[in-house]
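As given, the protein sequences belong to chains A and B, one line each in that order. The numbering used here applies: residue 914 is where the first sequence begins, and numbers increase by one. The numbering used here applies: residue 177 is where the second sequence begins, and numbers increase by one. Idealized CB from N, CA, C, for every residue including glycine. Predicted, not measured: the structure shown is a model, and the values here were computed from it.
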Amino acid sequence: NVEPRSVPVFPWHSLVPFLAPTQSD
Amino acid sequence: APASAPSNPSHFMKGAIIQLATGELKRVEDLQTQDFVRSAEVSGGLKIDSSMVVDIRASQQKPGLVSLHFTVGEQQSKVTIDVPPEHPFFVFGQGWSSCSPERTAQLYDLACHPLQVGDVCVSITLQQQP
Chain A
914 NVEPRSVPVF PWHSLVPFLA PTQSD
Chain B
177 APASAPSNPS HFMKGAIIQL ATGELKRVED LQTQDFVRSA EVSGGLKIDS SMVVDIRASQ
237 QKPGLVSLHF TVGEQQSKVT IDVPPEHPFF VFGQGWSSCS PERTAQLYDL ACHPLQVGDV
297 CVSITLQQQP
């Protein structure tokens, strides 16, 4: 049995697209 | 387009550990809408926006990619991004969805719904400071 201990942890915001509006005031 | 999509897909692999802004750890397949909403709330400076898919078509500039057209936020700003068809998006009230759930399953083992026009995806923007 190999227990994975060095599992990478990803930040939540890496999962969702950063959608910046193209038009600004 | 001033939009970015992650190029390293390993965080979409089923079983990938995701850290929420609250510090809580969850598997990517177990995430729920509220996890994103709460994370944005406690992050400060980030805002969850509702991005509705208004058009899906093959990318003209990048063969093999899909151009997804969104209207973002209350201002209905138009944003287009080119992504691989297997790229998952989190749809409010539905969960992970992609243009090709079959490819997503093959590459990431992540169960997805078909992404369709009218779906409202979770996205983030910088919070406007007055």
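Check                                                                                                                                                                           : Outcome
When you check each C-beta in the segment 917-931 of chain A against every C-beta of chain B, which residues fall closer than 9 Å?                                              : V920, P921, V922, F923, P924, W925, H926, S927, L928, V929, P930 and F931
Residues of chain A with CB under 8 Å from B:A192, in chain order?                                                                                                              : P921 and F923
Comparing the C-beta of B:L283 with each C-beta of chain A, is any distance below 8 Å?                                                                                          : no
When you compare the segment 200-219 of chain B with the segment 227-236 of chain B, are there three or more beta-carbon pairs, one atom per stretch, that lie closer than 8 Å? : no
What residue does the alpha helix (DSSP H) around B:S215 start on, and which one ends it?                                                                                       : T209 to S219
In whole angstroms, what is the alpha-carbon distance linking B:S235 and B:L241?                                                                                                : 5 Å
Could you have a look at B:P260 and say whether DSSP puts it in helix, strand or coil?                                                                                          : coil
From B:A192 to B:S273, what does the alpha carbon distance come to, in whole angstroms?                                                                                         : 17 Å
What would DSSP say about A:L932, mapped onto helix, strand or coil?                                                                                                            : strand
What does DSSP give as the partner residues of B:K202 in its beta bridges?                                                                                                      : B:I194
Given 8 Å as the limit, is there contact between the segment 261-273 of chain B and the segment 282-290 of chain B, that is, 3 or more CB pairs closer than that?               : yes
Anyone know if the C-beta pair for B:S215 and B:V248 falls short of 8 Å?                                                                                                        : no
Apart from the five residues on each side of it in sequence, which residues of its chain come closer than 8 Å, Cβ to Cβ, to B:S186?                                             : A192
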